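Report on one structure; see the data block that follows.
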Amino acid sequence: MKTTRILLPSLLLTSAVAFATGVGYDDTPQIPGQQWKVHDKNRPNPPIVVPAETFSHMAPAPADAIVLFDGKDLSKWKSGDAEAKWNVADGAFVVTKGAGDIETREKFGDFQLHIEWSAPNPPHGDSQGRGNSGIFLHGLYEVQVLDVYNNKTYADGQAGGLYGQWAPLQNAVKKPGEWNSYDIVFEGPRFDASGSVSRKAAVTVIHNGVVLHHHQEFNGPTGHRNVPKYAVYDSTGPIRLQDHGDPVRYRNVWIRPLGTYDRPETK
Ligand code: MG
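Its first residue numbered 36, the sequence shown is counted upward by one per residue in the working numbering.
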């Protein structure tokens with residue numbers, strides 16, 4: 036009986052964390068409003084959904100979209116005050132290690148963004164070291180890009196994760212070398228006259244036709260092993276792509292400003 040009493044809680048614990056990878060942290064701060072810590076190694080990973088074989092990533096830009104990359108050059112992008120120095124080849128551009136993050140010259144408020152990405156093939160590295168890049172909305176809020184095909188990592192760092200905050204609902208990633216699409220609808224935060232956030236930034240993310248987040252709120256800007264807070268700004272910013280040292284490729288990037296930012300009732 037004594038043995039049973041000791042074993043039972045331990046078995047329950049094992050079953051509760053059965054879908055966690057055990058990769059991550061347990062010495063990080065609590066995520067506000069959630070039961071998990073930042074990059075929690077015990078947070079369950081999202082279930083895998085295999086996207087349709089015939090799913091088309093190459094969504095052509097609607098007539099009113101701003102094409103941010105047309106397969107030819109990075110003229111719409113910069114790196115700090117300099118030209119964007121990522122390499123362009125075969126209708127795509129690739130994260131060029133050491134060249135730094137790149138960001139759009141133009142700033143956007145609320146928008147719909149389409150972007151396609153492909154992880155290096157063959158893959159190398161593991162966890163956050165495999166095919167890591169990221170799409171920073173307003174240059175502040177990361178939607179993670181990561182090769183999570185047969186790669187264990189913490190839940191809030193999964194592909195499509197709102198890094199350090201929300202795990203995606205699913206893992207819908209394609210194999211390394213294949214193309215993924217993200218369709219992202221983003222609403223920036225609003226601030227009141229005192230500079231406090233009155234409405235948090237929120238995002239909907241569809242990955243290869245699979246919903247990962249539906250109007251999910253960011254707790255604040257993205258951090259690593261910490262919980263950054265909102266600081267007042269004009270609720271516009273660039274799209275910034277992360278140089279995490281891995282040659283992730285991007286193509287077919289377009290954006291549609293939603294215009295709601297100028298509507299008084301949404302301020
Ligand atoms: Mg990243």
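Ideal placement from N, C-alpha and C gives every residue a C-beta, glycine not left out. Note that the coordinates shown come from a computational prediction; the quantities given were computed from them, not determined experimentally.
Roughly how many angstroms lie between the CA atoms of residue i and residue j, to the nearest whole one?
i	j	result
residue 91	residue 128	19 Å
residue 280	residue 196	19 Å
residue 302	residue 158	Since pLDDT at residue 302 reaches only 45, below the 50 mark, its modelled position is unreliable, and the value read off the structure follows with that caveat. Using only the alpha carbons, I get a separation of about 44 Å.
residue 296	residue 225	The pLDDT assigned to residue 296 is 49, lower than 50, so where the model puts this residue is not dependable; a value taken from the coordinates is nonetheless given after this. Spanning the two alpha carbons is a distance of roughly 9 Å.
residue 49	residue 198	Note that residue 49 has pLDDT 38, beneath the 50 cutoff, so the model's placement of it is unreliable and the number below is only indicative. Approximately 26 Å, taken between the alpha carbons.
residue 104	residue 123	10 Å
residue 183	residue 194	6 Å
residue 99	residue 244	22 Å
residue 81	residue 276	24 Å
residue 271	residue 126	29 Å
residue 203	residue 180	12 Å
residue 282	residue 72	30 Å
residue 78	residue 66	12 Å
residue 167	residue 86	21 Å
residue 130	residue 222	26 Å
residue 54	residue 246	20 Å
residue 149	residue 269	23 Å
residue 291	residue 163	30 Å
residue 61	residue 161	19 Å
residue 248	residue 142	23 Å
residue 56	residue 201	16 Å
residue 136	residue 70	32 Å
residue 236	residue 176	9 Å
Ligand 1 and residue i: does any heavy atom of the ligand fall closer than 8 Å to the residue's C-beta?
i	result
residue 118	no
Which one of the options has the shortest CA to CA distance from residue i?
i	options	result
residue 214	270, 287, 226, 135	287
residue 97	293, 207, 289	289
residue 263	274, 56, 64	64
residue 229	151, 267, 292	267
residue 153	165, 145, 223, 236	165
residue 94	136, 274, 223, 216	216
residue 253	278, 291, 173	173
residue 293	146, 170, 120, 259	146
residue 116	130, 134, 126, 143	134
residue 151	240, 57, 136, 248	240
residue 169	160, 84, 138, 56	138
residue 208	231, 83, 55	83
residue 192	258, 274, 265, 141	258
residue 231	249, 247, 255	255
residue 178	238, 156, 70, 142	238
residue 140	188, 118, 160, 278	118
residue 210	155, 249, 236	155
residue 242	205, 265, 250	205
residue 278	190, 120, 101	120
Let me confirm a value: residue i is counted as buried when at least 16 other C-beta atoms fall within 10 Å, else exposed. Which label applies?
i	result
residue 185	exposed
residue 284	buried
residue 59	buried
residue 75	buried
residue 88	exposed
residue 261	exposed
residue 111	buried
residue 68	exposed
residue 114	buried
residue 108	exposed
residue 144	buried
residue 227	exposed
residue 45	Bear in mind that the predicted position of residue 45 carries a pLDDT of just 38, short of 50, making it unreliable; the figure below should be weighed with that in mind. Exposed is the call here.
For ligand 3, any of its heavy atoms closer than 8 Å to the Cβ of residue i?
i	result
residue 238	The model depicted lacks ligand 3 and carries ligand 1 instead.
Determine, for residue i, whether the minimum Cβ-Cβ distance to residues of chain D falls below 9 Å.
i	result
residue 283	This model lacks chain D altogether; it includes just one protein chain.
May I have all residues whose beta carbon comes closer than 7 Å to any heavy atom of ligand 1, sorted in chain order? 167, 168, 169, 177, 179, 180, 181, 198, 277, 279
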